[in-house]
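Below: the structure, in structure tokens.
Residue numbers (the numbering used here), protein chains in the order written: chain Z, 169 to 339; chain B, 19 to 677; chain D, -7 to 395; chain E, 0 to 99.
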């Protein structure tokens, strides 16, 4: 039971609890907060795996931008406690077992394939951000540019969606 | 060799004319349409002349002159190219088709002047010229077949030119369908030939065929069968027994059409094909014999029918049929050059006859029944004179064209071994009948007292544009036969000489020995023929000028014969009963109401209904509820994972997933 | 006991450092309020606080007591959990960000352990900082939302939108510096500026990165919701913005958080653009090392002299005492060179931080508030493009240099 | 050193929880969050593998995933705002125009 393991279990517990509370909380804001907890915990796990840059980006983008957007929208729409309608019978009785089955399948698949994964060389060394940058801007440069284009499209789409018809966008 | 290298220009010009008239002509005044139509055909006539001039300068070893322009169909070993060929036979046909065709175009400008659909008529006519030229210039059976079908199409279009008239439309359909039967045989023949020789180009095929051993009489080898199949096609196109029935009805078309297509050019295509593939026919005496017999039978058969018809065009139609019979008779006895010779002369005088008849009809204001004419000779002198010339020509009076061609046919029939005498006799009888009904036509039409009422019909001579072609044709039908004239005083038969290189290969008919014999026989036979013609003239004169009442009495006295003849031996009825009725029953009851409606439509509708019901049932899954959709997605994911990781056969895939 | 110490010395030291830092930061915060009020007052030709203690020096203590003792009502219909969470989050994050800053060049050896000035030294320090600032939005936003009231909600909305917008410019404007340093670590950034010791001030990033600095400082002010970007707490429009419904110590938390982040930003400016603890003078000028004492001793003496004039016993006691302490420190520094050497870095760094804090206050004293649309268009249409341009220019220049 | 499959199993669990949330929440925004949760689980798996194989590709992919998630959030939230504006409800079970 060495230090990293303890940290791992703490963070994992954080993540799982956060996810569960995301399910259980009835108010969107609380769900959002629990999701933020999950994200922070995951960032911690990334740090534990030596992926510093990814960890930082995880918090900056997910925590600092995306989730803020969510909170913002929730506040903007003043979304209240969600109403528990039960129109979908299917989801009602088949949802949980199926989801658990999926979880089980995934876990089993992972467990099956772990031996092969374990065979791989494990180095706890922290991934140098420079190397990451090199990979990103040389080998994966075209996908990278594509993502930039994607973002542009997303911006335009968001603007078009959010503006009201025949009315200038409110500041 | 400007033209010989670009032979395609000759058929192309009429095609252009047709396209221009057909696409743009509807808005144009008749004048422009005339320029286009007549101009294009005239140009192609000039080109043909130029081609012939250049052809005459070719050294014999370069004949036949074949030009391959582009490869049209290439499938396996079959290569059907757009190849044009020209040799002596082609030259004759070329001149006849373009020349006569041009004249008839000119004639039509006058005859059709008051018809609606003027541009349409000329567009069709030019199209016909195009296909006819393709037919005669083709260097292989496939291209020839294109022309063959094309002319069939045009004939259909032109017979049904007055498509509002039911009889016309029906006649067009009839012609088309009957021709299909022939074409079926023709195609089978082509397939067989391809299977046998591995090619459909004339030159190599005949080169291969020539050395082959000829089938013995009565033996049915490949060549015999192929020849018979081709001949079936020929009977269809050239209106021989038993497929002649469409031609009389084809008279529903405008008269120039009858003249051009159903007298001068198209109907002779059968003869042309037989002559073109004479090499094959020479190899199967039995096929030859059958051709001869069929031709002979048709000749006498049609002639007898022609005796009693009262519609002026019908008479001419049956005479055409019988004359075609003559040509096949000639081919059958191996006198191909004679057959082609008669083809040419016949083209002249029969076209002339039709045009003249057209002129008469024009004068009578659309009346075609001879019994309602008479005494026109003074009113329409030029028409009368040209008509008379043509009649003399076809009846075989020397020194007109018909005399020589018919004479040479009878001669070769007489000479031919296996049953020559009988053929000769029947041919002679036919000649007698021919001269009789032709003069009957002339007398009924131009002599005697007027049997029409002056008040309604005011007879008038036709315009120049109609008369000039008549005269030209008249001259031609006088001098057309003189090429063969020298034979009588020991000179050579120039026409035969000219065609000799074509028909010489594969054992030509006119060997020198036969020629020597021919010399001896020529004069007496000629005398016999002339006597026959005179006899026919005499009978006609006696019956229709001396005692005009007589024919009616005769008709009464031998009623059975008369009615039989008048109803054309009930052949149409017979066909209707034997072929048409069962076909109709089959197609309506079985094919339409059972197969189509119940099986095919049933299947289609059933599928449609099934789809609809399936959709009705499935669409309940489309609940519009995101959560249900999510559940479905989850199920899909589970299945995929299960397959990838836990399906034994997908191991490698799983490894691929993990790595 | 001792072996326990021996074993967990690292942890122990860290804990001590944290405690120390907390104490310092909180005190500085407290006196920062005094400082701000004084400066603004003098700008507006007032006296500012001068009742509690000499020059109102005890005012912060009074304020603190007030915060602790005041009643703390919880408004009706608030979302309890979030309502309590928000101030905690704000404060915690603000203090955490301090922990990443380095305050001195190289570790000093004490008791056989070399102690690094600053809590942790991450080699993604700057990124970590941004991460924390990014999270600090929630404090404000949630406070605004949870207190179930119009003004706070508006304030929260404003601040979340504003922070998200300006974070982009903030991050972008730094990229130039990072490119020049080739590292995320603050320490490396400073060392990169020390590449040519004899150049002194000329080696700092401020000169090549002037654009970047302007963008960064502006965006940073916006991030800390200070004038002229203090719309979330715009007194004139929304009573007190997102913390309208907060009272006593929860309010204090927000307050401290704000000032702490001010400190963080100031130190970031100092570190990234003004050479952190580097002295502006060329390294060869060793005599400048006596500058601290040269300032401290006279200042201390002046404070004593000033204290004498007070009638109040407090003044008589406090000011002279303070003065003597300062003088003594100055003397000590002169006396023991190695301490002097060690103090150089912190001295300059604190000096710079103080300067930037002063700028903050100065702006508050002078500038009017932005309108909201102006704020947005300023952030998106001016700052972001300029900082991007700065990135491009820097990168291309570096490339040209390389070839 | 922590065995890789710990991370993998954790990510599997998180993913499953995301699915559960997706199925059982009615609020569109929450459902959207659960999607983000699933994405995060996948990211975790990516990083875990990249560490296990000692190659950085995995982390690059994570970056891409994050970018895409950001774009998705921008557009998706826009759509959510529209839905709220048009149907005055954020309950997915009330947004069912597509049903027969």
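Beta carbons are placed, not taken as given, at the ideal position from N, Cα and C, and that holds for glycine.
It should be emphasised that the depicted structure is a prediction, and the values quoted were computed from it without experimental measurement.
Output needed for residue 306 (chain B): all residues of its chain with C-beta closer than 7 Å, excluding positions within five of it in sequence on either side, in chain order. 299, 350, 352
Contact between the segment 312 to 323 of chain B and the segment 178 to 191 of chain B (3+ Cβ pairs under 8 Å): no
Going along chain E in order, which residues have a C-beta closer than 9 Å to the C-beta of residue 227 (chain Z)? Going along chain E, no residue has its Cβ under 9 Å from residue 227 (chain Z), so there is no contact; the nearest lies around 11 Å.
Starting from the C-beta of residue 646 (chain B), find all residues in its chain whose C-beta is less than 6 Å away, skip the five residues before and the five after it, and write them out in chain order. none
Residues bridged to residue 84 (chain B) (per DSSP): By DSSP's assignment, residue 84 (chain B) forms a beta bridge with B:103.
Residues of chain E with CB closer than 8 Å to the CB of residue 643 (chain B), please, in chain order. Ordered by position in chain E, the residues that pass the 8 Å Cβ test against residue 643 (chain B) are 91, 92, 95, 98.
When DSSP labels each residue in this structure, what does residue 82 (chain E) get in the three-state scheme? DSSP places residue 82 (chain E) in helix when its eight states are reduced to three.
For chain Z, is any of its Cβ atoms less than 8 Å away from the one on residue 652 (chain B)? yes
Using a C-beta cutoff of 8 Å, does residue 206 (chain Z) count as contacting chain D? no
Closer than 6 Å by C-beta to residue 245 (chain B): which residues in its own chain qualify, once you throw out the five before and the five after it? Chain order, please. 298, 299, 302, 305
By the criterion of Cβ-Cβ separation under 8 Å, what are the contact partners of residue 22 (chain E) in chain B? Residues of chain B passing the Cβ test: 645, 648, 649, 652.
How would you list, in chain order, the residues of chain B whose beta-carbon sits under 9 Å from the beta-carbon of residue 59 (chain E)? Those do not exist, as residue 59 (chain E) stays about 17 Å from chain B at its closest Cβ, beyond 9 Å.
Report the three-state DSSP secondary structure of residue 395 (chain B) (helix, strand or coil). coil
Residue 208 (chain D) versus residue 370 (chain D) - alpha carbon distance: Distance between the alpha carbons of residue 208 (chain D) and residue 370 (chain D): 13 Å.
Tell me whether residue 141 (chain B) sits in a helix, a strand or coil according to DSSP, three-state version. helix
Of all the residues that make up the segment 71 to 103 of chain D, which are near chain Z by a beta-carbon distance shorter than 8 Å? 71, 73, 74, 77
Using a Cβ cut-off of 8 Å (strictly closer), state whether residue 263 (chain Z) contacts chain B. yes
Taking residue 25 (chain E) as the query, report the chain F residues whose CB atoms sit under 8 Å from its CB, ordered along the chain. No chain F appears in this structure, whose protein chains are Z, B, D and E.
Using the Cβ count rule (16 or more neighbours within 10 Å means buried), how would you classify residue 711 (chain B)? Within the shown structure, residues of chain B are numbered from 19 to 677, placing residue 711 (chain B) beyond reach of any answer.
Is residue 256 (chain B) helix, strand or coil by DSSP? coil
Anyone know if the C-beta pair for residue 216 (chain B) and residue 95 (chain B) falls short of 8 Å? Inclusion of residue 216 (chain B) and residue 95 (chain B) in the CB contact set at 8 Å is warranted, their separation being smaller than that value.
Look at the Cβ atom of residue 459 (chain B), then the Cβ atom of residue 325 (chain B), and state whether they are nearer than 8 Å. no
At 8 Å on the CB atoms, spell out the chain Z contacts of residue 655 (chain B), in chain order. At a beta-carbon threshold of 8 Å, the residues of chain Z lying near residue 655 (chain B) are 270, ordered along the chain.
Residue 91 (chain B) bridges to which residues according to DSSP? B:98
Let me know the secondary structure DSSP gives residue 387 (chain B) once reduced to three states. Residue 387 (chain B) falls in the strand class under three-state DSSP.
Residues of chain E with CB closer than 8 Å to the CB of residue 329 (chain Z), please, in chain order. 74, 77, 78, 80, 81
Tell me where the alpha helix (DSSP H) around residue 26 (chain D) begins and ends. 1 to 35
As an exercise, report each continuous alpha helix (DSSP H) stretch of at least 4 residues that is fully enclosed by the segment 56 to 131 of chain D, in chain order. 72 to 92
What is the residue span of the alpha helix (DSSP H) that residue 288 (chain D) lies within? 283 to 300
Would you say residue 32 (chain E) faces chain Z, with C-beta separation under 8 Å as the test? yes
Sequence-distant residues of the same chain with beta carbon closer than 6 Å to residue 61 (chain B), five excluded per side: 31
Identity of the residue in B:109, B:588, B:377 nearest residue 68 (chain B) by Cα: B:109
Could you name the residues that DSSP lists as bridge partners for residue 156 (chain B)? B:102
Taking 8 Å as the cut-off, decide whether the C-beta atoms of residue 182 (chain D) and residue 119 (chain D) are in contact. Taking a C-beta distance under 8 Å as the contact criterion, residue 182 (chain D) and residue 119 (chain D) do not qualify as a contact pair.
Our contact map puts residue 111 (chain D) next to residue 13 (chain D) with C-beta atoms below 8 Å; I'd like the distance itself, whole angstroms only. Residue 13 (chain D) and residue 111 (chain D) do touch by the CB rule: their CB atoms are close to 7 Å apart, below 8 Å.
Bridge-paired residues (DSSP) for residue 26 (chain E): E:90
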